[in-house]
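Just below is one structure, and these are the notes that go with it.
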Amino acid sequence: MLVTVNGTPSSRVTVYLVQDGRQVQTLQAREVSRGTYVVNVLVEPKDATREGIVIARLENNGQVRFMTAEQPARLIEGAGGGIQRLAAQEVSATTTVPSLVPQITNLRDGDRVAGPSFTLQGTTAPNASVRVPATASTSLEGILSAQQTVMNQTVQADGQGRFTITVRPPIPAAGTVYQVNLTATSGSCLR
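Residue numbers are given in the working numbering: position 62 of the sequence shown equals residue 254, and the series is strictly consecutive.
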């Protein structure tokens, strides 16, 4: 079977052959001349297909375009050759890469918190690990300042990159200033 795809030069082209709605073969095309891509596959008796769909995927500079054959392809023993034209379909694709840098979404620098504890909600890359060290500085009558670590925990972001953690100082006191420095890791990346 020979599949020829004409498209933008220097694209990345993949051809998918969906066989009888059950099996998908992924075939990498190679550019044989400027903008002409070819996949050449040996068809064996085990590859018999009554209804096959040929789909070409072209990717170039972040733009993705799909082309599909107008009619089903049939792979049967003793079949003769035929030519089918692929019809282009416009597809817009936007790829976003989530930031690994953790961001607090429910509080801003300098916000006041009340009560014996407070909750931090934030975002990062999906499934990243977020380390949350927190220190508390308390001034006693403006003269003596005491600083202590009140938390050093790691939480896991969910599949959407959201995380929540509650900070519970051992001895909450009015006028305490909390400093939280977040770091996130995902695989071997650290932010």
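Idealized CB from N, CA, C, for every residue including glycine.
On a predicted model such as this, the values are computed, not experimentally measured, just so you know.
> Where do the ends of the beta strand (DSSP E) carrying LEU299 lie?
Replying inline: It is not in any beta strand (DSSP E) - LEU299 carries neither H nor E in the DSSP assignment.
> So, GLN295 versus THR311, is the Cβ gap smaller than 8 Å?
Replying inline: no
> Using the C-alpha atoms, what's the distance from SER309 back to GLN281?
Replying inline: Residue confidence is low: GLN281 scores 44 on pLDDT, short of 50, so the model does not pin down where it sits. Its coordinate-derived value is still stated next. Approximately 55 Å, taken between the alpha carbons.
> Mind checking VAL305: buried by the 16 CB within 10 Å criterion, or exposed?
Replying inline: exposed
>> If the criterion is Cβ atoms closer than 8 Å, does the pair ASN298 and SER378 meet it?
In response: Cβ distance not < 8 Å, so ASN298 and SER378 don't count as in contact.
>> Taking 8 Å as the threshold (C-beta atoms), are VAL210 and GLY244 in contact?
In response: yes
> Are THR200 and GLN220 touching if we call contact CB-CB under 8 Å?
Replying inline: no
> What's the call for THR241, buried or exposed, on a 16-neighbour Cβ count within 10 Å?
Replying inline: buried
> For GLN263, is the beta carbon positioned less than 7 Å from some heavy atom of the ligand NAP?
Replying inline: Inclusion of the ligand NAP in the displayed structure is not the case, the ligand content being empty and no account of it being possible.
> Are there 16 or more other CB atoms within 10 angstroms of the CB of LEU374, so buried, or fewer, so exposed?
Replying inline: Burial is judged here by how many other beta carbons sit within 10 angstroms of a residue's own beta carbon; LEU374 has at least 16 and is buried.
> Measuring CA to CA, which of MET343, SER203, PRO237 is closest to VAL230?
Replying inline: SER203
> Given a threshold of 16 other Cβ atoms within 10 Å of its Cβ, counted over all protein chains shown, does GLY353 qualify as buried or as exposed?
Replying inline: Classification for GLY353: buried.
> How many angstroms separate the CA atom of ALA376 from the CA atom of PRO361?
Replying inline: 22 Å
>> Please classify VAL369 as buried or exposed, where buried requires at least 16 other C-beta atoms within 10 Å of its C-beta.
In response: Its Cβ having fewer than 16 others within 10 Å, VAL369 is exposed.
>> Can you look up PRO364 in the DSSP assignment and give me helix, strand or coil?
In response: coil
> Looking at the structure shown, is PRO325 part of a helix, part of a strand, or coil, going by DSSP?
Replying inline: strand
> Between ASN252 and the rest of its own chain, which residues show a CB-CB distance below 6 Å, the 5 nearest in sequence each way excluded?
Replying inline: THR200, SER203
> For GLY272, does the three-state DSSP call read helix, strand or coil?
Replying inline: In this prediction, GLY272 scores a pLDDT of 48, lower than 50, which makes its location untrustworthy; the coordinate-derived value is nonetheless stated afterwards. Coil at GLY272, not helix or strand.
> Excluding sequence positions up to five away, which residues of its chain have a Cβ less than 6 Å from the Cβ of ALA317?
Replying inline: PRO290, LEU292, GLY353, SER378
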